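Take the sequence shown: its position 236, counting from 1, is numbered 375 in my numbering, and each next residue is one higher.
For glycine and all other residues, C-beta sits at the position ideal for the given N, C-alpha and C.
Note that the coordinates shown come from a computational prediction; the quantities given were computed from them, not determined experimentally.
See structure below.
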Amino acid sequence: MIKEYWELTRFEHSVMLAIAVLIGEVITLRSIPSYSSILAVLPPMLVGAASFAVNDYFDLKTDRINRRFDRPLVAGRIKPTTALFLSLLLFLFGILLSVWVNLNCFLLITAFSVLSVLYSSKLKDVAVIGNLYIASTMAVPFIYGGLAVADKIPLSILLLSSTAFVSGFGREIMGAARDVRGDRRGRGSATLPVLIGVKNCLVLSSLLYLLSILLSFLPYFYVEEYRGDAFYLAPVVIADLIFAYIAFGSLRKTSKEFMLLSRKLSLAAMFVALLGFLAGALVGG
Numbered sequence: 140m141i142k143e144y145w146e147l148t149r150f151e152h153s154v155m156l157a158i159a160v161l162i163g164e165v166i167t168l169r170s171i172p173s174y175s176s177i178l179a180v181l182p183p184m185l186v187g188a189a190s191f192a193v194n195d196y197f198d199l200k201t202d203r204i205n206r207r208f209d210r211p212l213v214a215g216r217i218k219p220t221t222a223l224f225l226s227l228l229l230f231l232f233g234i235l236l237s238v239w240v241n242l243n244c245f246l247l248i249t250a251f252s253v254l255s256v257l258y259s260s261k262l263k264d265v266a267v268i269g270n271l272y273i274a275s276t277m278a279v280p281f282i283y284g285g286l287a288v289a290d291k292i293p294l295s296i297l298l299l300s301s302t303a304f305v306s307g308f309g310r311e312i313m314g315a316a317r318d319v320r321g322d323r324r325g326r327g328s329a330t331l332p333v334l335i336g337v338k339n340c341l342v343l344s345s346l347l348y349l350l351s352i353l354l355s356f357l358p359y360f361y362v363e364e365y366r367g368d369a370f371y372l373a374p375v376v377i378a379d380l381i382f383a384y385i386a387f388g389s390l391r392k393t394s395k396e397f398m399l400l401s402r403k404l405s406l407a408a409m410f411v412a413l414l415g416f417l418a419g420a421l422v423g424g
């Protein structure tokens, strides 16, 4: 059953959230955070897991149309009511734990918990707005990490958050293009692919990936903690090569299989890039 609940909550995303929060703390402090600060990763991990579970609950009809048998609810391995109860429990514990961190983190966690439910139930059906929300969830962990250890967020955190936001936006647009059939039939959603077409969405997604590549080099040249730092640059270059493959490949290949592969590769690229941010802050910074 552990595998099923891992898949429901996409817990690998929570692990990435924890790394991103730690990176935010390290960059802000310019040192290794204290043990209590490290524990501040728990609220976003729980809320992140809850968000995926509640999303699958609301998306069940669409996922069935899209034949997403990789999803535990569609495959019948977990009951929808169980997924809903689990998500509410995780949201509750995440919000309560954030009170222990500080007021800013509590407000941020609470806001994104509410937005998560709104996204899964309503915002996903609104063109661009839903994609922007998901992209913001890929950027806000850096900001949360900064707020967990300081009152002010340094420029370096804002720049890293911007890079994560742009690449995340591209990833979400590609995901919407892949699920356009189910979104139209299952939810009647007016998503971006429904409005402008799949091909145009893939072009936009590619441009966003290329923009994220350009943004990823700015810390190496302009941010003090990463300037001229090979420990940062090496993993980021690997991540950028993956992003470039996705960007140019999606212009030639429009199959759902390639889009699914691209989303998985983009997740791997984000993880590699996060390791670069962490290595640069700890070793090079």
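Collapsed DSSP secondary structure at residue i in the structure displayed
i, result
"Val375", "helix"
"Val265", "strand"
"Ser389", "helix"
"Ser173", "coil"
"Asn194", "helix"
"Met140", "coil"
"Thr330", "coil"
"Ser351", "helix"
"Gly307", "helix"
"Gly314", "helix"
"Gly336", "coil"
"Gly187", "helix"
Distance between residue j and residue i (C-alpha atoms, nearest Å)
i, j, result
"Gly215", "Ser170", "46 Å"
"Tyr348", "Leu400", "15 Å"
"Val422", "Asn243", "29 Å"
"Lys395", "Gly307", "19 Å"
"Glu151", "Ile141", "13 Å"
"Ile204", "Asp198", "10 Å"
"Val267", "Leu331", "6 Å"
"Val362", "Ile217", "46 Å"
"Leu372", "Met155", "19 Å"
"Asp195", "Ala303", "24 Å"
"Arg366", "Val337", "39 Å"
"Tyr82", "Thr393", "Shown here, the chain extends from 140 to 424; a query on residue 82 therefore has no answer."
"Thr221", "Pro358", "44 Å"
"Ser173", "Val165", "10 Å"
"Gly415", "Ile158", "11 Å"
"Leu413", "Arg206", "32 Å"
"Ile162", "Leu334", "37 Å"
"Ala289", "Ile273", "25 Å"
"Asp202", "Val375", "33 Å"
"Leu236", "Val180", "10 Å"
Residue range of the unbroken alpha helix (DSSP H) whose run includes residue i
i, result
"Tyr365", "Element bounds for Tyr365: n/a, residue is neither H nor E."
"Phe208", "It is not in any alpha helix (DSSP H) - Phe208 carries neither H nor E in the DSSP assignment."
"Ala157", "Phe150 to Leu168"
"Ser401", "Lys395 to Ala418"
"Leu427", "The chain is shown only over 140 to 424; residue 427 falls outside these bounds and no answer can be derived."
Do the segment 406-420 and the segment 366-383 touch if we need at least three Cβ pairs shorter than 8 Å? yes
Is it a yes or a no for the segment 180-189 touching the segment 215-233, going by three-plus beta-carbon pairs under 8 Å? yes
At 4 residues or longer, and completely inside the segment 217-303: list those alpha helix (DSSP H) runs for me, N to C. 219-240, 242-260 and 268-288
Any contact between the segment 276-283 and the segment 297-304? By contact I mean 3 or more CB pairs, one from each, below 8 Å. yes
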